[in-house]
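Chemist: If you scroll down you'll find the structure; I have some questions about it.
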Amino acid sequence: MKTRITELFGIRHPIVQGGMHYVGFAELAAAVSNAGGLGLITGLTQKTPELLDREIRRCKELTDQPFGVNLTFLPTVANPPYPEYIDAIASNGVRIVETAGRNPEQHMPAFKRAGIKVLHKCTSVRHALKAERIGCDAISVDGFECGGHPGEDDIPNFVLLPLAARVLKVPFIASGGIADARGLVAALALGAEGINMGTRFIATQEAPVHANVKRAIVNASELDTRLVMRPFRNTERVLTNAAVERVVQLEREKGAALQFADIAAEVVGVYPRVMIHGDMDAGAWSCGMVVGLIDDLPTVAQLLDRIVSEARQLIEQRLTGFSAA
Ligand SMILES: Cc1cc2nc3c(=O)[nH]c(=O)nc-3n(C[C@H](O)[C@H](O)[C@H](O)COP(=O)(O)O)c2cc1C
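If you're matching positions, the sequence shown starts at 1 in my numbering and goes up one per residue.
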């Protein structure tokens, strides 16, 4: 497939693997890039710029295809040294960055100096327009369905994507709720030039996470995600478990009196316990509604080949059939 996104990033398939905390290591990013998509290392999972430098080098040993790094600007307990992370990216010759959370305006000069293309992920049309204005090269439009941080507007992709298509000049990809060829073809029809997937990529052979996480995704249904941290305007869509149900109940009971300290134990420092040790009740971890569509553990190459070949069939047979009728 050829779209403005495959051209911009020099990739074969218009499919991006979104940054994922404690999932987006070199193994997964390289597997996605080797399979013709765009793999992303998650920058802040690496605790220091030196560690990110090492992870990027590892990825370069695993693939000779383009890959990128995700830099997330969300409220964190730590205050990461972003300029040094950007140096680690630029000095290794990585030329694609996915930004997310707050807009990356203050870092755009550094990205541009290094010839880095910026794919900004955001959850509203106004934020997408702002990203376009400050010089981002492409946008990842993240609908309410998505795993992770869907923002506070709650607009799903069937409305968000056509709205984005009406106003954006730079190319955009659809993110959130996509796991298969139907999702890709729908995204293209709604105006996107490709897709971003998170949750689907965790349930692959190469995802370097504990088998319990993959099993939980395969077993979960579309009813099994919850929204937490809305009272702090830092909403996150997560897979439910005992800890998450405690958070949901506390948020309901305490209302406006809720303090971050009330839920900190269930939301801080959770990822290594879940992703590395497979402790599935450790706390809240991001997961999309699309979990209901996932029922196998293919290799990344099998997944991408399946999505692209079934998308071709859908376009050439099902859709063309309608126009002939
Ligand atoms: C476990 C997990 C961790 C994530 N961590 C991050 C992150 O650190 N930074 C980021 O920008 N997005 C993060 N995301 C969001 C994904 O990059 C992607 O936008 C989202 O998963 C798309 O929705 P989907 O899961 O329905 O495909 C995460 C998602 C998941 C499932």
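Built from N, CA and C at the ideal position, the CB exists for glycine as well.
So, is Ala256 buried or exposed, given that buried needs 16 or more other C-beta atoms within 10 angstroms?
Modeler: Here the question's residue 256 lines up with position 256 in the sequence shown. Exposed, since its Cβ has fewer than 16 Cβ neighbours within 10 Å.
Chemist: Would you give the residue range spanned by the beta strand (DSSP E) that Ser175 belongs to?
Modeler: Here residue 175 corresponds to residue number 175 of the sequence shown, with the count starting at 1. It spans 172-175 - the beta strand (DSSP E) in which Ser175 sits, taken as one unbroken run.
Chemist: Touch check for the stretch 228-240 and the stretch 284-298: three-plus C-beta pairs under 8 Å?
Modeler: yes
Chemist: Would Gly147 pass as a contact of Thr123 if the rule is Cβ separation under 8 Å?
Modeler: Counted from its first residue, the sequence shown places residue 147 at position 147. Counted from its first residue, the sequence shown places residue 123 at position 123. The criterion of a C-beta distance shorter than 8 Å is not satisfied by Gly147 and Thr123.
Chemist: Does DSSP put Asn157 in a helix, a strand or coil?
Modeler: To locate residue 157, count along the sequence shown from 1; it is residue 157. The three-state secondary structure of Asn157, taken from DSSP, is helix.
Chemist: What span of residues does the alpha helix (DSSP H) with Glu310 cover, start to end?
Modeler: On the sequence shown, position 310 is the one that residue 310 refers to. Unbroken alpha helix (DSSP H) run through Glu310: 300-313.
Chemist: Measuring alpha carbon to alpha carbon, tell me which of Leu184, Asp305, Leu51 ends up nearest Ala88.
Modeler: Counting from one through the sequence shown, the residue named residue 88 turns up at place 88. If we check each option's Cα against that of Ala88, Leu51 comes out closest.
Chemist: Could you round the C-beta distance between Ile294 and Val218 to whole angstroms and report it? I think they count as a contact, below 8 Å.
Modeler: In the sequence shown, counting from the first residue as 1, residue 294 sits at position 294. In the sequence shown, counting from the first residue as 1, residue 218 sits at position 218. With 8 Å as the limit, Ile294 and Val218 qualify as a contact, their Cβ atoms being about 6 Å apart.
Chemist: Note down, one range per segment and in chain order, each alpha helix (DSSP H) of at least 4 residues found wholly within the stretch 95-129.
Modeler: 108-113
Chemist: Can the beta-carbon of Phe25 be found less than 8 Å from the beta-carbon of Pro208?
Modeler: Taking the sequence shown and counting its residues from 1, the one referred to as residue 25 is at position 25. Taking the sequence shown and counting its residues from 1, the one referred to as residue 208 is at position 208. Yes. Within cutoff.
Chemist: Contact defined as beta carbons within less than 8 Å: I believe Asn196 pairs with Val16. What is the distance between those atoms, to the nearest angstrom?
Modeler: Start at 1 with the first residue of the sequence shown, and residue 196 comes out as number 196. Start at 1 with the first residue of the sequence shown, and residue 16 comes out as number 16. Beta-carbon to beta-carbon, Asn196 and Val16 are separated by about 4 Å, close enough to satisfy the 8 Å threshold.
Chemist: Could you pull the DSSP bridge partners for Phe67 from this structure?
Modeler: Translated into the one-based positions of the sequence shown, residue 67 becomes position 67. Bridge partners of Phe67: Gly39.
Chemist: With a threshold of 6 Å on Cβ separation, who are the neighbours of Leu74 within its own chain once the five nearest residues in sequence on each side are excluded?
Modeler: Here the question's residue 74 lines up with position 74 in the sequence shown. Closer than 6 Å at the Cβ level, and outside the excluded window around Leu74, lie Gly101.
Chemist: Under 7 Å from any heavy atom of ligand 1, does the C-beta of Val32 make it?
Modeler: For the purposes of this step, residue 32 is taken as the residue at position 32 of the sequence shown. It does not: the Cβ of Val32 is nowhere closer than 7 Å to a heavy atom of ligand 1.
Chemist: Cβ atoms of Ala186 and Val326: under 8 Å apart, would you say?
Modeler: Outside the shown range of the chain (1 to 325) lies residue 326, about which nothing can therefore be said.
Chemist: Please classify Leu190: does DSSP put it in a helix, a strand, or coil?
Modeler: Here residue 190 refers to the residue found at position 190 when the sequence shown is read from its first residue. If DSSP states are grouped into helix, strand and coil, Leu190 belongs with coil.
Chemist: What is the rounded straight-line gap between the Cα of Ser175 and the Cα of Val141?
Modeler: Counted from its first residue, the sequence shown places residue 175 at position 175. Counted from its first residue, the sequence shown places residue 141 at position 141. In a straight line, the C-alpha of Ser175 is about 6 Å away from that of Val141.
Chemist: DSSP on Gln17, reduced to helix/strand/coil?
Modeler: Looking up residue 17 in the sequence shown gives position 17. Strand, per DSSP.
Chemist: Which class does Val238 belong to by DSSP, given the choice of helix, strand or coil?
Modeler: Walking along the sequence shown from the start, residue 238 turns up at place 238. Three-state result, Val238: strand.
Chemist: To which residues does DSSP link Ser286 through a beta bridge?
Modeler: Along the sequence shown, one-based indexing puts residue 286 at 286. Bridge partners of Ser286: Val238.
Chemist: Tell me whether Arg233 sits in a helix, a strand or coil according to DSSP, three-state version.
Modeler: For the purposes of this step, residue 233 is taken as the residue at position 233 of the sequence shown. Here Arg233 sits in coil by DSSP.
Chemist: Locate the alpha helix (DSSP H) running through Asp279, then write down its first and last residues.
Modeler: As a working note, residue 279 is residue 279 in the sequence shown. Note, Asp279: premise wrong, no alpha helix (DSSP H); not H, not E.
Chemist: Tell me which residues share the same chain as Val167 and place their Cβ nearer than 7 Å to its Cβ, disregarding the 5 neighbours each side in the sequence.
Modeler: Mapped onto the sequence shown, residue 167 falls at position 167. Closer than 7 Å at Cβ, skipping near neighbours: Val125, Leu129.
Chemist: Cα-Cα, which of Thr3, Ala264, Ala192, Gln106 is closest to Pro83?
Modeler: Walking along the sequence shown from the start, residue 83 turns up at place 83. Ranking Thr3, Ala264, Ala192, Gln106 by Cα distance to Pro83 puts Gln106 first.
Chemist: Within 10 angstroms of the Cβ of Arg318, are there 16 or more other Cβ atoms? Answer buried if so, exposed if not.
Modeler: Here residue 318 refers to the residue found at position 318 of the sequence shown. Residue burial is scored here from C-beta neighbours: Arg318 has fewer than 16 other C-beta atoms within 10 angstroms and is therefore classed as exposed.
Chemist: What's the C-alpha gap between Glu132 and Ile178?
Modeler: Taking the sequence shown and counting its residues from 1, one reaches residue 132 at position 132. Taking the sequence shown and counting its residues from 1, one reaches residue 178 at position 178. It is roughly 24 Å from the alpha-carbon of Glu132 to the alpha-carbon of Ile178.
Chemist: Whole angstroms is fine: what's the gap from Thr225's alpha carbon to Lys121's?
Modeler: Within the sequence shown, numbered from 1, the residue matching residue 225 stands at position 225. Within the sequence shown, numbered from 1, the residue matching residue 121 stands at position 121. Whole-angstrom Cα-Cα distance: 21 Å.
Chemist: Take the Cβ of Thr6 as the centre, count every other Cβ of all protein chains shown within 10 Å, and call the residue buried at 16 or more, exposed below.
Modeler: Numbered from 1 along the sequence shown, position 6 holds the residue referred to as residue 6. The C-beta of Thr6 has 16 or more other C-beta atoms within 10 Å across all chains shown, which makes the residue buried.
Chemist: Cβ of Thr42 versus every heavy atom of ligand 1: is any distance shorter than 7 Å?
Modeler: Position 42 of the sequence shown, counted from the start, is the residue given in the question as residue 42. Yes, the beta carbon of Thr42 sits closer than 7 Å to at least one heavy atom of ligand 1.
Chemist: So who's on the other strand from Ser140, going by DSSP bridges?
Modeler: Indexing the sequence shown from 1 puts residue 140 at position 140. Answer is Lys121, Ile173.
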